[in-house]
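**Student:** Okay, here's the structure, questions in a sec.
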Amino acid sequence: MNVLFVDSGIGGLSVLAEVIRDIPNLNFIYFADSAFAPYGTMTKEQLTARLKQIISQFKSQINMVVLACNTATTNSIDILRTCFSFQIIGSEPAIKPAAKISEKIMLVCTPLTAKSKRLDSLIMSCNKPVKIFAPKHLAYCIDNFYLNNNRHAKVCIDKTIENVIKNSCDCQSIVLGCTHYCFLKDKFKEKTKLPILDGNFGIKQQVKKHITLSNLSEHPNHKFVSSAKNKELVKKYQIIFLQTLAKLTDV
Ligand code: DGL
């Protein structure tokens, strides 16, 4: 049985690499919903309906889902859990660990995550002020740069990073609350001395807790699927995954 990882694009590959580094024998399907990206500017209803459709499509091949996407988790996980009987693991912004080391936290997330009730509750439970920065086009630009090498996208990414850093001067940590933004972690580290947190370690721990022997094989099945019209993209997802994994393994 496979574990289905779902994201709108490359973001979830950072989650997948973190998981596979520790569990290389895991059977997985990575679904990149490029035809519907970005998720961060959809409505909650549109996104939930789309995720239901994706999970239903793979239902017979899987026994666990990882929403490798903060936007999907903060807006849709509760509803999805009532629709499917298997385990659904989510990705939430790492506000809790950030609250332990900061008086004020800078959270960078998507517009739809910023509007979610689940994020409100998470922030309330931490009892620390959180400054939210939710750029409209950042996830789109990250996909466009990494998948298509688009130069304009690179300019937009660099400008946004500068903006985040400028706005974080009264904060003691920056939380990357979108799995796409994990691809910018090194850039942030280069440009600021603040700790940069993401939720990938926590997701990996959750997956480890719930996998069964049926999810593991000596010769695991690693499959990449995309809703993109351009089927060449699938190869790129695979390459970016391997590069991300190699980088993690090198550290
Ligand atoms: N990677 C996703 C997240 O963690 C979604 C980005 C998007 O498509 O807007 O929120």
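Read in order, the letters of the sequence shown correspond to residues 9 to 259 in the working numbering. The beta-carbon is built from N, C-alpha and C at its ideal position, and this holds for glycine as well.
Please report the straight-line C-alpha distance between Val74 and Ser68, rounded to a whole angstrom.
**Tutor:** Approximately 16 angstroms, taken between the alpha carbons.
**Student:** Identify the continuous alpha helix (DSSP H) that holds Asp30 and give its terminal residues.
**Tutor:** Counting along the chain, the alpha helix (DSSP H) containing Asp30 begins and ends at Gly19 to Asp30.
**Student:** Fully enclosed by the stretch 39-120, which alpha helix (DSSP H) runs are 4 residues long or longer?
**Tutor:** Fully enclosed alpha helix (DSSP H) runs of 4 or longer: 52-66, 78-91 and 103-109.
**Student:** Would you say Pro228 and Phe39 are within 9 angstroms of each other, going by their C-beta atoms?
**Tutor:** Taking 9 angstroms as the Cβ cut-off, Pro228 and Phe39 do not qualify as a contacting pair.
**Student:** Can you have a look at Arg58 and say buried or exposed, based on whether 16 or more other CB atoms are within 10 angstroms of its CB?
**Tutor:** By the neighbour-count rule (16 or more Cβ atoms within 10 Å), Arg58 is buried.
**Student:** Figure out for me which residue from Thr90, Thr82, Ser93 and Gln251 has the closest Cα to the Cα of Ile103.
**Tutor:** Of the candidates Thr90, Thr82, Ser93 and Gln251, the one whose C-alpha sits nearest the C-alpha of Ile103 is Thr82.
**Student:** Would Thr118 and Leu146 qualify as a contact pair, given that the criterion is a beta-carbon distance under 9 angstroms?
**Tutor:** Yes, they are a contact pair.
**Student:** By Cβ distance below 7 angstroms, which residues in the same chain neighbour Arg126 in space, the five residues on each side in sequence not counted?
**Tutor:** Here the set comprises Thr82.
**Student:** Hey, would you say Leu12 sits closer than 9 angstroms to Met50, going by beta carbons?
**Tutor:** Contact: no.
**Student:** Going along the chain, which residues of its own chain have a beta-carbon closer than 7 angstroms to the beta-carbon of Asn208, five neighbours each way excluded?
**Tutor:** The residues are Ser22, Val23, Glu26 and Cys190.
**Student:** Quick check for students: name the residue ranges of the alpha helix (DSSP H) that lie wholly in the stretch 181-255, counting only runs of 4 or more.
**Tutor:** If we require 4 residues or more, the alpha helix (DSSP H) runs fully inside the stretch 181-255 come out as 193-199 and 208-218.
**Student:** What residue range does the alpha helix (DSSP H) around Lys125 cover?
**Tutor:** Its alpha helix (DSSP H) spans residues Lys125 to Cys134.
**Student:** Count the CB pairs spanning the stretch 152-167 and the stretch 85-97 that are closer than 8 angstroms, and state whether there are at least three.
**Tutor:** These segments do not touch.
**Student:** Assign Leu250 to buried or exposed, taking buried as 16 or more other Cβ atoms, counted over all protein chains shown, within 10 Å of its Cβ.
**Tutor:** Exposed, since its Cβ has fewer than 16 Cβ neighbours within 10 Å.
**Student:** Note down the Cα distance separating Phe153 from Ile109, rounded to an integer number of angstroms.
**Tutor:** Between Phe153 and Ile109, the C-alpha separation is close to 33 angstroms.
**Student:** Does the distance between the C-beta of Leu205 and the nearest non-hydrogen atom of the ligand DGL fall short of 8 angstroms?
**Tutor:** No, the Cβ of Leu205 stays beyond 8 angstroms of every heavy atom of the ligand DGL.
**Student:** First and last residue of the alpha helix (DSSP H) that includes Asp151?
**Tutor:** Start and end: Leu146 to Asn156.
**Student:** Tell me whether Asn33 sits in a helix, a strand or coil according to DSSP, three-state version.
**Tutor:** Asn33: coil per DSSP, three-state reduction.
**Student:** Please report the Cβ distance between Lys237 and Ala43, rounded to the nearest whole angstrom; I am assuming they are in contact, meaning their Cβ atoms lie under 8 angstroms.
**Tutor:** About 7 angstroms; that satisfies the 8 angstroms criterion.
**Student:** If I measure Cβ to Cβ from Leu256 and keep anything under 6 angstroms in the same chain, skipping five residues before and after, which residues do I get?
**Tutor:** Closer than 6 angstroms at Cβ, skipping near neighbours: Ala25 and Arg29.
**Student:** Can you tell me whether DSSP reads Asp15 as helix, strand or coil?
**Tutor:** Looking at Asp15 - three-state DSSP - the assignment turns out to be strand.
**Student:** Quick one: give me the first and last residue of the alpha helix (DSSP H) that Cys179 is part of.
**Tutor:** Note, Cys179: premise wrong, no alpha helix (DSSP H); not H, not E.
**Student:** Buried or exposed for Pro32, going by 16 or more other Cβ atoms inside 10 Å?
**Tutor:** So Pro32 ends up on the exposed side.
**Student:** Can you give me the Cβ contacts of Val138 inside the same chain, cut-off strictly under 6 angstroms, excluding the 5 residues immediately before and after it?
**Tutor:** For Val138, where only same-chain residues beyond five positions count, the Cβ hits under 6 angstroms are Ile113, Leu115 and Ile131.
**Student:** If you check the beta carbons only, do Phe196 and Ile182 fall under 9 angstroms apart?
**Tutor:** Cβ atoms of Phe196 and Ile182: closer than 9 angstroms.
**Student:** Would Ile18 pass as a contact of His188 if the rule is Cβ separation under 9 angstroms?
**Tutor:** For Ile18 and His188, yes; Cβs fall inside 9 angstroms.
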